[in-house]
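Heads up: the structure comes next, in C-alpha cells.
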Amino acid sequence: GNALAIGGFEVVDPVSDATLFSSSNAPANIDATSTRMIAGNYTVDSAAPSVPQNLKYTLTSRKQGKRITTSVALSWSASTDNVSVAKYRLYRDGTRIAEVTSLSFSDTSTTTGRSYNYEVSAVDSTGNESAKSAALIVTR
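The numbering used here puts the first residue of the sequence shown at 970, with every later residue one more than the last.
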C-alpha cells in the first residue's frame, strides 16, 4: 500500500476528547497495509491480541469450619500479541468480573444449582482487547 506522510498530528482520547500528544514537526508515516502508525519515535499499536483458547474449569471445594465453599477455578492458554499481552479479562454471563495477569482465575462468588457462562479476553499494553473466547458453561 501507499504510505501517507503528514507533518504534524494530534493524538486524542476518544472518550474524554483530551489531547494526549501533539506535534507540529514530528513526521508521521502510515502504511495502508499495517495496523501500526509510526509517529516520530512513537509507535501506535492498534492490533488486538489473539483470542485466548482452551478455557476450562475445575470445581474446587474447601471446608471452612462446618461450611464447605466451592469455587470455579478457570484456566486458559496464553494469547499472543505483536507488542505484549498485559492482562486478561474474565466475563461471567456477559459481565466483566475480573482482570488478571495470570492464566487462571478462581470465581468464589457462584451459587450451587446454577449454570454460568464464562468467557475470557486478552488485553495488550495499549488497551486493545481481543474478541472473547468461546463460552464455557459451568454448572455448580
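Where is the CB? At the ideal position from N, CA and C, for every residue including glycine.
- In terms of CA proximity to Ser1048, Thr1070 leads the group Tyr1087, Thr1070 and Thr1064.
- Here Asn1051 carries a coil assignment [DSSP, helix/strand/coil].
- Taking C-alpha positions only, Ser1102 is separated from Gly1082 by approximately 24 Å.
- Boundaries of the beta strand (DSSP E) around Arg1065: Thr1064 to Val1069.
- Assignment of Lys1056 by DSSP, reduced to helix, strand and coil, places it in the strand class.
- Going by C-alpha positions, Lys1025 is about 10 Å away from Ala1104.
- Boundaries of the beta strand (DSSP E) harbouring Arg1036: Arg1036 to Ser1046, taken from the DSSP string.
- A straight-line Cα-Cα distance of about 16 Å links Ala1042 and Gln1022.
- For Val1107, the uninterrupted beta strand (DSSP E) run begins and ends at Leu1105 to Thr1108, by DSSP.
- Below 8 Å, too few C-beta pairs join the stretch 1053-1062 and the stretch 1025-1040 to call them touching: fewer than three.
- Between Thr1039 and Leu1028, the beta carbon gap of about 6 Å places them in contact (Cβ cut-off 8 Å).
- Each of Asp986, Tyr1085 and Asn1097 was checked against the Cα of Lys1056, and the nearest Cα belongs to Asn1097.
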